[in-house]
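**Q**
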Amino acid sequence: MTDRPIKLMCVFGTRPEAIKVAPIILAAQSRSDIKVIACSTGQHREMLDQVTEHFGIRPDLELKLMQPGQTLTGLTARCLTSLGDAIDLHQPDCILGQGDTTSAMCSGMVAFYHRLPFIHVEAGLRTTDINSPFPEEFNRRVCSLVSGLHCAPTQTAADNLLREGYSEDDVTVTGNTVIDALRWTVQKERAEPHRWIEKHSKIAGKRMVLITAHRRENHGDGIRSLCSAIRQLAEKFPQVQFVYPVHLNPNIQQPVQEILADLSNVHLIAPAEYPEFVWLMDQATLILSDSGGVQEEAPSLGKPVLVTRESTERPEAVAAGATKLIGTDCNRVVQEVSRLLVDKAAYAAMQVDTNPYGGGKTSARILDLIAERFAVQSATRANV
Ligand code: UD1
Ligand code: UDP
1 MTDRPIKLMC
11 VFGTRPEAIK
21 VAPIILAAQS
31 RSDIKVIACS
41 TGQHREMLDQ
51 VTEHFGIRPD
61 LELKLMQPGQ
71 TLTGLTARCL
81 TSLGDAIDLH
91 QPDCILGQGD
101 TTSAMCSGMV
111 AFYHRLPFIH
121 VEAGLRTTDI
131 NSPFPEEFNR
141 RVCSLVSGLH
151 CAPTQTAADN
161 LLREGYSEDD
171 VTVTGNTVID
181 ALRWTVQKER
191 AEPHRWIEKH
201 SKIAGKRMVL
211 ITAHRRENHG
221 DGIRSLCSAI
231 RQLAEKFPQV
241 QFVYPVHLNP
251 NIQQPVQEIL
261 ADLSNVHLIA
271 PAEYPEFVWL
281 MDQATLILSD
291 SGGVQEEAPS
301 LGKPVLVTRE
311 STERPEAVAA
321 GATKLIGTDC
331 NRVVQEVSRL
341 LVDKAAYAAM
351 QVDTNPYGGG
361 KTSARILDLI
371 AERFAVQSAT
381 RANV
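Numbering-wise, UniProt numbering puts 267 at position 267 of the sequence shown, and it's gapless, one number per residue.
(1) I'd like to know if the region 95-102 and the region 254-264 are in contact, where contact means that at least 3 CB-CB pairs between them fall below 8 Å.
(2) Exposed or buried, what is V342 when buried is set at 16 or more other beta-carbons lying within 10 Å of its beta-carbon?
(3) Name the two residues that bound the continuous alpha helix (DSSP H) containing K199.
(4) Could you compute how far the alpha carbon of V384 sits from the alpha carbon of T312?
(5) For G69, which residues in the same chain have their Cβ closer than 8 Å to its Cβ, ignoring the five residues on either side in sequence?
(6) Could you tell me the boundaries of the beta strand (DSSP E) in which V142 lies?
(7) Step through the CB atoms of chain B and report whether any lies within less than 9 Å of the CB of I370.
(8) Hey, would you say the C-beta of H247 is under 8 Å away from at least one heavy atom of the ligand UDP?
(9) Mind checking who S289 pairs with in its DSSP beta bridge?
(10) When you compare only the Cα positions, how much space is there between R339 and A346?
(11) Enumerated in chain order, which unbroken segments of the alpha helix (DSSP H) with a length of 4 residues or greater are wholly contained in the region 62-144?
(12) Spatial neighbours of G234 within its chain, please: CB distance less than 7 Å, with the 5 preceding and 5 following residues excluded, ordered by chain position.
(13) Per DSSP, what kind of secondary structure is I24 in: helix, strand or coil?
(14) Since I believe H114 is in contact with C143 (beta carbons under 8 Å), could you give me their beta-carbon distance rounded to a whole number of angstroms?
(15) Exposed or buried, what is D221 when buried is set at 16 or more other beta-carbons lying within 10 Å of its beta-carbon?
(16) How about P245 and A272: are their beta carbons less than 9 Å apart?
(17) Taking 8 Å as the cut-off, is the CB of G302 close to at least one heavy atom of the ligand UD1?
(18) Any heavy atom of the ligand UDP within a distance shorter than 8 Å of the CB on R4?
(19) Pop quiz: L125 and A157 are said to be a contact at Cβ under 8 Å. What is the actual Cβ separation, rounded to whole angstroms?
(20) Once you ignore the five residues that flank T323 on each side, which residues in its own chain have a CB closer than 6 Å to its CB?
(21) Can you tell me whether F138 sits near the ligand UDP, meaning its C-beta is under 8 Å from at least one heavy atom of the ligand?
(22) Give the C-beta separation of P275 and T185 to the nearest angstrom, bearing in mind that I take them to be a contact with Cβ-Cβ under 8 Å.
(23) Would you mind sorting T71 into buried or exposed? The rule is 16 or more other CB atoms within 10 Å of its CB.
(24) Below 8 Å CB to CB, which residues in the same chain sit around T354 once its five sequence neighbours on both sides are set aside?
(25) Between which two residues does the alpha helix (DSSP H) holding I366 run?
(26) State buried or exposed for S201, treating a residue as buried only when at least 16 other CB atoms are found within 10 Å of its CB.
(27) If you draw a straight line from the alpha carbon of I95 to that of R195, how long is it in whole angstroms?
(28) May I ask whether a heavy atom of the ligand UDP can be found less than 8 Å away from the beta carbon of F277?
(29) Could you tell me the distance, in whole angstroms, from the CA atom of F138 to the CA atom of I130?
(30) In terms of alpha-carbon separation, which member of V21, T41, M47 lies closest to H214?
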């Protein structure tokens, strides 16, 4: 035991990281052995503020890094420099990063350069193709290289790490904190759904396909092909509503608005606040998405997800039958969505009753691991 709490810097920068780190920050508030320094890189701006507001998290540090149309190299350079300065200023004992974004990768790299222990949350996801998802598969491998504690969401993810030679002493299956966030949120939104029912009165009582898309490897031809498919589907099923919260990335905004803006049963809306999006998932008939987080959340709500990607690092949901990889080919997307809209047996087969990503107690488990492991090391640090 140390004579003071462990100073744990929790880094997050994008919407999904904030959703998945929030339960850890909130759980730490009721502990005396860990003091969290919440560090927002601000890789996202509007989409991040939505999440921190929902969970009531006030970052101790806001690096405000987002620039419109930012490049990977520019963002990475600014993120490394700013996080390095933040560590010098706040002197944490260890750094926690989540997932596979640029912010996560940079948090791992600065921890390494400062010789601080790095805790990687959502560790061990792999597609085995370094170009897909791009650049996330690279980012998550860098995080693994520098991690002293790999919090793997599933046994499959842990096995990936063990196969790559990481020590089993450093790899623990914890579940995924996204389920902690989802459980907390879904309970609240089911109890008080009025504001969303009012806001989305046009879809009330109707069948609905919920759509998200943002992956870089789908920019260009992929997103255009997906939009053409949505257009065909909206014309083929005029009674079905297509609700699409459009990611703020200009590479997504432009083709989506160009191809889909004029259809009365396609609702292009701003990125939804997390509780609103959870409510929309709960209302949806099915979900069409390339999102990582959505693949993990939807099985808890019994909603089938057609994944518009060529590969996934979340094979557990595919194996459970809850998600299906379909790519972005226009004809294939039309065919797969149509099938689920008309074939009751095919639809029912994708409604699973278990979620492979955890039971909602992951954050507490991760904090216990950190307390056990890093308490005695809090005096060991070096500046670089
Ligand atoms: C990032 C992550 C990706 C994650 C996704 C979640 C990287 C390299 N990519 O992708 O892993 O799955 O977030 O959504 O880390 N923008 C805004 N406001 C916002 C957010 C984004 O205007 O609140 C616009 C900006 O023009 C920004 C652009 O979107 O430059 C791209 O943002 P960026 O974080 O670089 O990439 P994403 O595609 O969002
Ligand atoms: N999400 C949200 N609003 C939206 C779309 C998604 O709050 O309009 C949530 C979703 O529930 C999930 C997370 O954002 O928890 C996924 O983020 P995203 O798809 O941007 O990133 P990924 O998970 O693919 O990295």
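A virtual CB, placed ideally from N, CA and C, is assigned to each residue, including glycine.
**A** From the atom records:
(1) no
(2) exposed
(3) 194-199
(4) In this prediction, V384 has a pLDDT of 44, which is less than 50 and means its spatial position is unreliable; what the coordinates show is noted afterwards. Cα to Cα, the separation comes out at about 37 Å.
(5) P250
(6) Element bounds for V142: not the beta strand (DSSP E) but the alpha helix (DSSP H), 136-146.
(7) Among the chains in the structure shown there is no chain B, since it carries only a single protein chain.
(8) yes
(9) T212, V307
(10) 7 Å
(11) 72-90, 102-113
(12) Looking at the sequence shown, residue 234 is not Gly but Ala. Cβ within range, chain order: F242, L263, N265, V266.
(13) helix
(14) That pair is no contact at about 15 Å.
(15) exposed
(16) yes
(17) no
(18) no
(19) 6 Å
(20) Q295, V305, V307, A317
(21) no
(22) 5 Å
(23) exposed
(24) P299, A320
(25) 362-374
(26) exposed
(27) 38 Å
(28) yes
(29) 6 Å
(30) M47
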